[in-house]
Every structure is written in structure tokens, then in C-alpha cells.
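Data first, discussion second: the structure below is written as C-alpha cells.
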Amino acid sequence: MVVDTYIEQARTCARSEQDAIAEMRDAYEAFIRRVQKQQPEQTPSSAAGLTTAGGVTHLSADSSSTDGCRPVRKAFAETIRPHSVADLDETESLLETIREEFTDAIAVALAPTTEASFTPDLKRMVLTEAQARRAEATALRKALEREEAHLDEAGVVVDDIIAWIVNANQTPLTDLGFDALQQRHETLTDHRDRCEEMAYDRQAFLEATTNNGVDVGVRHRSLMPYLYQDFPVDHPVLATVATLDETCQKCQRTVRDHLVRGG
Numbered sequence: 001m002v003v004d005t006y007i008e009q010a011r012t013c014a015r016s017e018q019d020a021i022a023e024m025r026d027a028y029e030a031f032i033r034r035v036q037k038q039q040p041e042q043t044p045s046s047a048a049g050l051t052t053a054g055g056v057t058h059l060s061a062d063s064s065s066t067d068g069c070r071p072v073r074k075a076f077a078e079t080i081r082p083h084s085v086a087d088l089d090e091t092e093s094l095l096e097t098i099r100e101e102f103t104d105a106i107a108v109a110l111a112p113t114t115e116a117s118f119t120p121d122l123k124r125m126v127l128t129e130a131q132a133r134r135a136e137a138t139a140l141r142k143a144l145e146r147e148e149a150h151l152d153e154a155g156v157v158v159d160d161i162i163a164w165i166v167n168a169n170q171t172p173l174t175d176l177g178f179d180a181l182q183q184r185h186e187t188l189t190d191h192r193d194r195c196e197e198m199a200y201d202r203q204a205f206l207e208a209t210t211n212n213g214v215d216v217g218v219r220h221r222s223l224m225p226y227l228y229q230d231f232p233v234d235h236p237v238l239a240t241v242a243t244l245d246e247t248c249q250k251c252q253r254t255v256r257d258h259l260v261r262g263g
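Residue 128 in the UniProt record's numbering sits at position 128 of the sequence shown, and the numbers go up by one each step.
Next up, the structure:
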């Protein structure tokens with residue numbers, strides 16, 4: 001009897017994504033270090049740059065300024081961008097990637113065509129966004145670690161039940177007496193209870209959140225479409241548990257038929 005299980009495939013996916021997110025987090029860390037070392041341009045108040053007033057960011061230009069933002073763009077291109085565009089089929093410009101990873105205002109300010117200076121305010125904004133993305137990557141990595149641990153726990157139970165079914169099927173029901181049939185029926189009931197418990201635990205896990213500090217958290221349910229987008233099922237654990245429970249139910253019916261005939 002074959003039982004479709006997606007847990008091992010899901011475990012492989014979770015491990016692979018953990019590695020990718022760890023690399024992205026390291027890329028943000030490298031970018032942050034390089035930007036921190038970059039000295040801002042101490043320009044007069046009329047020079048180009050970002051200013052914030054009343055919560056609105058404004059960009060001013062100074063045609064005489066040099067491209068002080070070039071080292072920042074270069075750092076982004078060499079650290080973050082390779083990981084950001086790794087899954088894209090189409091070519092995305094550097095500034096488009098900066099806009100996706102950070103904000104429109106930062107992408108505009110860093111663009112060579114705007115002739116904006118790398119002011120202390122702009123440096124602060126870039127670092128704030130990069131640090132926020134790094135914190136998000138850290139939270140996502142932690143959520144993926146918890147997902148893998150939950151998959152490991154579910155996998156142990158699923159493998160145990162499947163192994164029992166495979167072993168039990170080696171003995172024809174016609175070779176079993178009434179007591180042995182009754183024991184098999186009760187064991188299948190226990191296995192179905194374990195399936196129900198797994199489904200309950202999984203739903204509780206999906207409703208939980210992995211936090212990284214006060215401001216950053218990843219809801220486990222929101223992680224599923226992102227992590228398992230290429231899977232044939234939306235929820236590998238729940239789909240596996242449902243299939244396994246249905247298999248146990250069918251086995252019970254067959255055992256019950258033999259019990260009735262034997263009684």
C-alpha cells in the first residue's frame with residue numbers, strides 16, 4: 001500500500017530556503033558594513049540630498065556635485081543584488097532592484113541621473129532600510145528553522161504509522177483470529193487519533209508567529225504559499241495527514257468486515 005507523503009520533500013525545501021535566506025542575511029550584513037565605512041559628503045545646505053520635513057522626503061539636486069552615491073550602488077550590486085534577482089527570469093536594472101529591496105525615495109536618491117550627494121541623512125536612511133531588511137531575513141530564517149523542526153516531528157509520526165501499515169499488510173487478514181483482528185482495529189484507531197493530533201498541532205503551528213525582536217515577526221501561515229509555491233499541494237503536512245488518516249480508515253473498514261464475518 002502506497003501512501004503519498006510530502007514531508008520529506010517539504011523538509012528538503014525548508015533546508016534549501018534556510019540556506020538562501022542565510023546568504024541574503026549575510027549579504028545585507030556585508031552591505032551594511034560597507035555603507036558604514038563610506039564617509040558622507042559634508043556639503044552646504046544647498047547641496048543635493050534627501051531632506052525630511054513633516055514626514056515627507058524631498059530630493060534636492062546640485063549640478064556641481066560628484067557622484068558620491070556610486071560606491072553605495074556598487075556595494076549593493078556586489079552584495080545584495082545577486083541574491084535578490086537570483087529567481088528572476090527577466091533582467092532587472094540595478095535601480096529597480098534597489099527600489100524593490102528598499103524604497104522609491106532611496107532608489108531615486110542613489111540614481112546617477114539625480115546627482116544627489118551622499119549626505120548624512122541619506123546614509124542614515126540607507127542603513128535604516130538595510131538593517132530592517134536584515135532583521136526580516138533573520139526572523140524568516142528562524143521561522144524556517146521552526147518549520148523544519150515541526151516537519152521533523154511530523155515525519156517521525158508519519159513514518160511510524162506507515163511502517164506499521166506496511167508490516168501489518170504482510171499478514172493476510174484471513175490468517176488472523178478474532179482477537180488479533182480486534183487488536184488491529186484498535187491500533188488503527190490509535191493511529192487515526194495520532195493523525196488528528198498532528199492536524200491539530202499543525203493548525204496551531206500555522207497560527208503562531210516567529211518574532212525577531214519587537215518589530216519584526218513572521219506568521220507561519222503566511223510562510224506556506226511562499227515556501228511551497230511549487231508543490232502539488234498547499235499544505236504538505238496537512239495533505240499527508242489527511243491521506244494517511246484516509247488510508248487507516250480504509251484499513252479499518254476491511255478489518256471490520258472480517259470481524260463481522262468472523263463473529
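C-beta atoms are modelled at their ideal positions from N, C-alpha and C, and glycine is treated no differently.
Cα separation between SER16 and ILE161?
-> 27 Å
Sequence-distant residues of the same chain with beta carbon closer than 7 Å to residue 283, five excluded per side = Examination of residue 283 is not possible in this model, given that the chain is present from 1 through 263 alone.
Rounded separation between THR210 and GLN252 - CA only | 39 Å
Chain-order list of residues whose beta-carbon lies under 8 Å from that of GLU145 (same chain, five-residue window excluded) = GLN18
Supposed close pair ALA135, VAL216 - CB separation, criterion 8 Å = 5 Å
Measure how close the beta-carbons of ARG25 and GLU148 come, nearest whole angstrom, since I'm counting them as under 8 Å.
-> Contact flag wrong, Cβ pair sits at about 17 Å.
6 Å CB neighbourhood of ARG219 in its chain, flanking five on each side removed = THR209
In the DSSP assignment, what residue or residues form a beta bridge with ARG219?
-> THR209
By how many angstroms is the C-alpha of ILE80 removed from the C-alpha of ALA30?
-> 9 Å
May I ask you to verify whether the segment 188 to 208 touches the segment 108 to 117, counting CB pairs closer than 8 Å and requiring at least 3?
-> no
Does PHE31 get closer than 8 Å to chain B when you measure Cβ to Cβ?
-> Looking for chain B here will not work: only one protein chain is present.
Please classify TYR200: does DSSP put it in a helix, a strand, or coil?
-> helix
If you drop the 5 nearest sequence neighbours on each side, which residues of the same chain put their C-beta closer than 6 Å to that of GLY155?
-> ILE7
Check whether the Cβ atoms of PRO112 and ASP152 lie closer than 8 Å to each other.
-> no
Relative to the ligand FMN, is the shortest distance from any of its heavy atoms to the C-beta of LEU206 smaller than 7 Å?
-> For the structure depicted, the ligand FMN is absent and the ligand set is empty, with no information on it obtainable.
Note down, in chain order, each residue of its chain lying with its Cβ closer than 8 Å to the Cβ of THR254, except the 5 sequence neighbours on either side.
-> LEU173
Taking only the alpha-carbon atoms, compute the straight-line gap between VAL3 and CYS248 and give it to the nearest angstrom.
-> 10 Å
Would you report the Cα separation of TYR28 and ILE165, rounded to the nearest angstrom?
-> 49 Å
For LEU206, I'd like the list of residues in its chain whose CB is within less than 6 Å of its CB, leaving aside the five on either flank, ordered along the chain.
-> HIS220, ARG221
Going by the beta-carbon positions, is the gap between VAL35 and ALA77 smaller than 8 Å?
-> no
Pairwise C-alpha distance: ALA204 and ALA22 = 26 Å
Of all the options PRO71, ARG261, ARG70, CYS13, which has the alpha carbon lying nearest to the alpha carbon of GLY177?
-> ARG261
Simplified DSSP state of GLN249, which is helix, strand or coil = helix
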